[in-house]
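Numbering (our numbering), first residue to last: 136 to 479.
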Ligand code: ADP
Ligand code: MG
């Protein structure tokens with residue numbers, strides 16, 4: 136080993152950025168969460184070349200003043216919490232760490248165009264490799280548009296590890312889809328290379344949202360899960376939709392789980408859903424599911440690390456049993472499985 140030395144600021148920042156920004160989909164996740172936290176009723180995500188060339192997220196949310204926008208791209212700046220006591224009482228927002236915009240701006244060319252609700256002037260702010268290059272007045276609607284060009288242009292090692300555009304877009308699509316499903320009251324649209332992939336209405340109907348995201352065939356095969364008599368366990372309620380066993384895919388990403396309305400990945404919940412189908416599904420096939428699990432606040436920490444979307448529960452076995460029972464009961468009642476048949 137060499138002598139110990141202190142890293143320079145640029146190196147420190149790019150290493151830190153790597154903790155938040157792994158690929159285009161992680162940028163999309165952070166920007167989308169910011170739009171939802173900003174009380175948007177419409178959000179449009181448009182990416183080029185799977186997000187490797189550009190990513191644009193526009194919302195009609197609360198917007199920012201020039202001062203807010205300048206502050207937002209600095210390190211550790213947030214409007215969402217004040218101090219640690221806010222964390223103890225539980226955060227209602229998707230973000231709170233105050234690191235995403237700064238980290239993304241450190242490894243890309245970022246343009247923020249924004250106008251506060253009711254404000255009479257807009258601002259355009261450009262940041263390159265973490266440095267603010269221009270701030271100017273801009274004519275723009277209320278709300279915020281964040282554009283990211285040339286992600287990782289200054290971290291060639293990272294850029295090299297990006298996958299094919301189609302694969303990067305798959306990841307983007309999964310993120311946007313799941314946030315759309317978790318927020319049926321928000322109109323969410325996704326565009327790739329100028330073509331619209333899907334657009335939800337924001338009409339607050341889960342079934343309509345599933346229709347917009349997955350199409351009519353999948354939407355029509357979805358069955359309501361509303362579990363009245365859950366076995367004892369950590370969950371208060373389970374709500375949502377699961378598909379007819381014949382509507383299945385070889386991709387587990389179509390089994391979407393939410394905790395208290397927030398999209399999270401939980402292999403325990405996913406496995407429990409799949410288990411309920413018993414031998415109606417072959418081992419490499421997965422149903423479509425959009426299930427919200429309600430837990431009493433304080434029994435789960437959903438503010439997982441930005442890179443780790445996987446959430447862990449205190450009583451995972453209890454949760455698994457409740458989810459399996461709820462889905463199994465739903466499928467049984469609809470005559471889609473026979474009782475007690477194990478998977479495989
Ligand atoms: P965090 O979301 O953890 O607060 P970010 O770096 O993602 O940190 O954002 C910093 C701040 O910038 C936010 O707290 C918010 O005040 C502001 N901001 C970011 N995106 C938007 C947006 N789309 N609309 C309004 N304000 C935003
Ligand atoms: Mg954020």
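Backbone N, C-alpha and C fix where the C-beta goes; we use that ideal spot for every residue, glycine too.
The structure presented is a predicted model; accordingly, all values stated were derived computationally and were not measured.
Is residue i close to ligand 1? I mean its beta-carbon at under 8 Å from any heavy atom of the ligand.
i           : result
residue 191 : no
residue 427 : no
residue 401 : no
residue 164 : no
residue 248 : no
residue 405 : no
residue 232 : yes
residue 243 : no
residue 483 : Only positions 136 to 479 of the chain appear in the structure, and residue 483 is not among them; the question remains open.
On the DSSP letters alone, give me the boundaries of the beta strand (DSSP E) that residue i sits inside.
i           : result
residue 137 : It is not in any beta strand (DSSP E) - residue 137 carries neither H nor E in the DSSP assignment.
residue 180 : 177-183
residue 237 : It is not in any beta strand (DSSP E) - residue 237 instead sits in the alpha helix (DSSP H) that spans 235-241.
residue 375 : 372-378
residue 393 : 390-394
residue 304 : From DSSP, residue 304 is part of no beta strand (DSSP E) but of the alpha helix (DSSP H) over 300-317.
residue 260 : 257-263
Cβ atoms of residue j and residue i: under 9 Å apart, would you say?
i           : j           : result
residue 297 : residue 162 : no
residue 324 : residue 317 : no
residue 190 : residue 181 : yes
residue 421 : residue 389 : yes
residue 194 : residue 280 : yes
residue 386 : residue 375 : no
residue 377 : residue 175 : no
residue 261 : residue 269 : yes
residue 416 : residue 395 : no
Kindly list the residues whose CB is nearer than 7 Å to the CB of residue i, restricted to its own chain and excluding five residues on each side of it in sequence; keep chain order.
i           : result
residue 183 : 189 and 328
residue 467 : 474
residue 479 : Note that residue 479 scores 43 on pLDDT, short of 50, meaning its location in the model is unreliable; the coordinates nonetheless yield the value given after this. Taken in chain order, the residues that qualify are 414 and 418.
Give me, in chain order, the residues of the same chain whose beta-carbon lies closer than 8 Å to that of residue i; leave out the 5 immediate sequence neighbours on both sides.
i           : result
residue 365 : 372, 373, 457, 460 and 461
residue 348 : 312, 315, 316, 333 and 335
What first and last residue would you give for the alpha helix (DSSP H) that runs through residue i?
i           : result
residue 202 : 201-207
Excluding the five sequence neighbours on either side, which residues of its own chain have a C-beta within less than 6 Å of the C-beta of residue i, listed in chain order?
i           : result
residue 160 : 306, 307 and 310
residue 469 : 358
residue 356 : 378, 379 and 382
>> Using a strict less-than 5 Å threshold between each residue's beta carbon and the heavy atoms of ligand 2, what residues do you get?
In response: Output, sorted by chain position: 169, 230 and 235.
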